[in-house]
Each structure stands twice: as structure tokens, then as C-alpha cells.
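Below is one structure, written out as C-alpha cells; the observations come after it.
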Amino acid sequence: MSTLHIGAAGELLVQYRLLRLGIDSARLTTDSGVDLVAYSPSETQARTIQVKSMEKPVKAGGKGALALGWSFPAGLRAELLATVLLSDDTVWLFTREEAQTLASLRAQQTMHLTWYVEPTNRGSLSQHEVEAHRIERKAVRLIG
Numbered sequence: 811m812s813t814l815h816i817g818a819a820g821e822l823l824v825q826y827r828l829l830r831l832g833i834d835s836a837r838l839t840t841d842s843g844v845d846l847v848a849y850s851p852s853e854t855q856a857r858t859i860q861v862k863s864m865e866k867p868v869k870a871g872g873k874g875a876l877a878l879g880w881s882f883p884a885g886l887r888a889e890l891l892a893t894v895l896l897s898d899d900t901v902w903l904f905t906r907e908e909a910q911t912l913a914s915l916r917a918q919q920t921m922h923l924t925w926y927v928e929p930t931n932r933g934s935l936s937q938h939e940v941e942a943h944r945i946e947r948k949a950v951r952l953i954g
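Following the working numbering from start to finish, the sequence shown increments by one per residue and tops out at 954.
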């Protein structure tokens, strides 16, 4: 699957999950750092979302434990960051501030949000520690 297909599939999965929670969203056709605009009828304000997707976990460093990781701009324009793992249709949702706090600065203007699939003794995040960020748990509170 190409990176364009992975990205498009991730955006559609986020839209589907939001719709199941009663939240409407629309894809933007321009590449402005915002992929979706979400709106709940119970709120008066729309929320912007950038979606980052990956197909499956990868070995950290090419040979280590399985990890998930997404890069995003240090100056994230969207209010929310959705990270997607297509292999098991999982979506996590972070506020801009949460994503920037949990991520590390990798390149000059690029942050990298990463965690291991299984808990490790390395002091790094594990998937268990980000369960509270699953879209099913956060979307209604953040969007409406």
C-alpha cells in the first residue's frame, strides 16, 4: 500500500469512528496541516484535526521491540492530532498540547510521537499507557 493510500485510509477511519460517536467531519482538499474538520451538533465550534497513519507496528531501530511512531510538525496547526494504526483499526486522539508533551523533537521542526506495543523497562511509553487517548474515550469530551 502506498503512503497516499495509508494516509487516506487513516482519514476515513477517523471519520468513521467520529460518525459512530455522532460527530460529523469533513476532509479538506488542501494540504494546510489540517486534514479534517469535526463538528458535533451539541457544540457551537468546530475542531480541526491532523491525521497521521501507519500500516503496522515496526521494530524499533529496525531490530528492537515492536513500536508505533508518527511524525508531525512542531508547530502543529490543528487543534487535535489523531494517530492511526491500520492493521488493527485503532485510533488515538490527542490535543495539540498532549501530543507535543508526549513527543520528542527529532529534526529541526519535526516532533515524533512513539510508543512500544508491549511495556518495556526502558522508561519509554507503552501502548497500555496511551489507552486513555483512544478515540472512543476522548472524542466526545474534546469535540462534543
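Yeah, the Cβ is synthetic: ideal placement off N, Cα and C, and Gly gets one too.
- Following the DSSP letters along the chain, one finds K866 in no beta strand (DSSP E), marked with neither H nor E.
- Contact check for A848 against R857 passes: the beta carbons are separated by less than 8 Å.
- In the pairwise beta carbon analysis, the stretch 902-920 is classified as not touching the stretch 838-847: fewer than three pairs are separated by under 8 Å.
- Nearest neighbour of P851 by Cα position, chosen from E908, Q860, A875, I833, turns out to be I833.
- Inclusion of L923 and A909 in the CB contact set at 8 Å is warranted, their separation being smaller than that value.
- In this structure, the straight-line span from the alpha carbon of S934 to that of E946 is close to 24 Å.
- In terms of Cα proximity to L886, the closest of V861, K866, A875, K873 is V861.
- Taking 8 Å as the upper bound for CB-CB distance, L876 and K869 are in contact here, some 6 Å apart.
- Shown here, I859 sits in a strand according to DSSP, grouped into three states.
- Judged by DSSP in its simplified three-state form, R827 adopts helix.
- Annotated as proximal: G820 and S863, with beta-carbon spacing under 8 Å.
- About 20 Å separates the beta carbons of S812 and Q825, which is beyond the 8 Å limit, so they are not a contact pair.
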